[in-house]
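Engineer: Take this structure first; my questions come after.
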Amino acid sequence: MSKKFSIGEMSKLHKISIQTLRYYDQIDLFKPVHVDQESNYRYYSIDQFSQLDIIKYLKYLGMPLKEIKSKLDENNEEILKLLTNKINIVDEKIKELELIKKVLSTKKETMEKGMKVDEVGKIVRKHIPRRSILSIEYEEGLSSEETMELSRRQIANILEDNISVFYGGVSGLVSIDKFLKEDKVIYDNSFVTVERDLFDIKSQKHITEISSGDFICMTYKGPYKENYTAFKKLVDYVEYKRIPIENYIYEIPIIDPLSTNNEEELLTEIQIQVKKREIDLRCLV
1 MSKKFSIGEM SKLHKISIQT LRYYDQIDLF KPVHVDQESN YRYYSIDQFS QLDIIKYLKY
61 LGMPLKEIKS KLDENNEEIL KLLTNKINIV DEKIKELELI KKVLSTKKET MEKGMKVDEV
121 GKIVRKHIPR RSILSIEYEE GLSSEETMEL SRRQIANILE DNISVFYGGV SGLVSIDKFL
181 KEDKVIYDNS FVTVERDLFD IKSQKHITEI SSGDFICMTY KGPYKENYTA FKKLVDYVEY
241 KRIPIENYIY EIPIIDPLST NNEEELLTEI QIQVKKREID LRCLV
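So this is what it looks like as structure tokens:
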């Protein structure tokens with residue numbers, strides 16, 4: 001006569017609670033081979049070990065108990081299809097986690113860079129590689145604060161739909177012509193730096209590029225609402241130096257509101273792209 005195992009022994013052997021085994025019995029997922037009529041004790045056989053292992057494995061993969069019950073009655077081919085499907089799901093999850101890790105690492109590096117900045121207000125020229133950006137144009141008729149917050153939320157929704165996480169870093173685009181004419185900072189749109197191939201076709205329409213090139217840059221510290229002085233200093237500098245520039249100022253957060261609750265600790269870099277010199281084709285002949 002083959003050995004029978006009590007529910008307590010089964011629980012210890014398979015590291016599964018007695019309550020769970022009783023529940024599996026109630027829903028007809030995993031039933032004992034014998035129930036003592038007098039004591040109502042449940043007993044299991046060695047032949048059932050592999051079946052319980054399968055249940056635990058499928059549950060670990062995130063499969064609902066109702067679906068597990070139906071899968072136990074299927075053949076090997078169906079189980080193979082199931083495992084293949086689960087592997088694909090896990091692969092997608094790994095990609096998502098790798099992306100989140102990359103986003104968090106970039107955020108960490110940016111913050112570390114910001115905490116080491118000791119030359120706030122100093123104007124420098126530097127080369128910046130090409131950047132893909134996800135941008136949202138502002139709606140007319142709203143205040144600066146309202147448009148910034150609305151576009152920030154729209155960007156967050158697109159990011160969450162495509163890469164499951166909003167990591168902050170929302171930048172602003174300001175026309176120099178408007179700045180000089182109105183004598184105040186007026187944002188044309190908001191944007192974040194992204195990797196284009198991570199977004200679906202619907203979201204691709206919001207993605208453009210900032211070409212590589214030299215930029216005149218300066219960092220400022222404090223609330224965004226007090227950025228006029230920094231903008232004026234940078235624009236006056238390029239005009240004084242007669243540097244040929246493009247018409248936009250890029251306002252890039254280094255330490256942003258997702259990184260600190262204290263507005264005085266916000267750190268931002270503003271950038272103006274230097275116009276690329278036209279090459280005289282006659283020199284190439």
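If you count the sequence shown from 1, position 191 lands on 191 in the numbering used here, and the numbers rise without skipping. Heads up, the beta-carbon is just placed ideally off N, CA and C, and yes, glycines get one too. Fair warning: this is a prediction, and the values are worked out from it, not measured in the lab.
Between the Cα of ILE249 and the Cα atoms of TYR240, ARG242, LYS232, GLU264, which residue gives the shortest distance?
Structural biologist: LYS232
Engineer: Sorted by chain position, which residues of the same chain lie with C-beta nearer than 8 Å to ILE245's C-beta, five sequence neighbours on each side aside?
Structural biologist: ILE176, ILE216, VAL238, ILE272, GLN273, VAL274, LYS275
Engineer: Going straight from the alpha carbon of ILE68 to that of LEU58, what length do you get?
Structural biologist: Rounded to the nearest angstrom, the two C-alpha atoms are 7 Å apart.
Engineer: Specify the secondary structure class of LEU61 as computed by DSSP and reduced to three states.
Structural biologist: coil
Engineer: Indicate the three-state DSSP secondary structure (helix, strand or coil) for TYR41 in the structure shown.
Structural biologist: coil
Engineer: Relative to the C-alpha of ASP47, which candidate in TYR41, GLU251, PRO32 has its C-alpha closest?
Structural biologist: PRO32
Engineer: Applying the criterion that 16 or more other CB atoms from any shown protein chain within 10 Å of the CB defines a buried residue, is THR345 buried or exposed?
Structural biologist: Outside the modelled stretch of the chain, which goes from 1 to 285, sits residue 345, for which no answer is possible.
Engineer: Which residues mark the beginning and the end of the beta strand (DSSP E) in which THR208 is found?
Structural biologist: 207-210
Engineer: Helix, strand or coil: how does DSSP classify LYS31 here?
Structural biologist: coil
Engineer: Taking 9 Å as the cut-off, decide whether the C-beta atoms of ILE243 and SER190 are in contact.
Structural biologist: no
Engineer: By Cβ distance, which residues of its chain are closer than 6 Å to GLU137, with the 5 residues on each side in sequence left out?
Structural biologist: Spatial neighbours of GLU137 in its own chain (CB-CB distance under 6 Å, excluding positions within 5 residues in sequence) are listed in chain order as ASN189.
Engineer: Assess contact between the segment 38-46 and the segment 74-89, defined as three or more Cβ pairs (one per stretch) separated by less than 8 Å. Is contact present?
Structural biologist: no
Engineer: With DSSP collapsed to three states, give me the class of LEU173.
Structural biologist: strand
Engineer: Going by alpha carbons, who is nearest to VAL103 out of LYS4, THR193, PRO64?
Structural biologist: THR193
Engineer: Which of the three DSSP states is assigned to LEU267 in this structure?
Structural biologist: strand
Engineer: Note down the Cα distance separating LEU29 from GLU96, rounded to an integer number of angstroms.
Structural biologist: 33 Å
Engineer: Pull up the distance between the alpha-carbon of LYS178 and that of ILE186, whole angstroms please.
Structural biologist: 7 Å
Engineer: I need the straight-line Cα distance from GLU149 to LEU134, nearest angstrom please.
Structural biologist: 16 Å
Engineer: For the candidate residues GLY222, VAL235, ARG277, whose alpha-carbon lies nearest to that of ASP256?
Structural biologist: GLY222
Engineer: For SER17, name the three-state secondary structure that DSSP assigns.
Structural biologist: coil
Engineer: Bridge partners for PRO286 per DSSP, in chain order?
Structural biologist: With the chain running from 1 to 285 in the structure shown, residue 286 is simply not present.
Engineer: Where does LYS3 fall in DSSP's three states?
Structural biologist: coil
Engineer: In three-state DSSP terms, what is ARG152?
Structural biologist: helix
Engineer: Classify LYS319 as helix, strand or coil using the three-state DSSP reduction.
Structural biologist: Residue 319 is absent from the structure shown; the chain starts at 1 and stops at 285.
Engineer: Since I believe MET63 is in contact with SER259 (beta carbons under 8 Å), could you give me their beta-carbon distance rounded to a whole number of angstroms?
Structural biologist: Between MET63 and SER259 the Cβ distance is about 39 Å, and since that is not below 8 Å, they are no contact.
Engineer: Taking Cβ positions, are SER105 and THR208 nearer each other than 9 Å?
Structural biologist: no
Engineer: My output table needs one value for GLU213: the three-state DSSP class, helix, strand or coil.
Structural biologist: In the sequence on display, residue 213 carries Gly and not Glu. The answer is strand: DSSP assigns GLY213 an E or B state.
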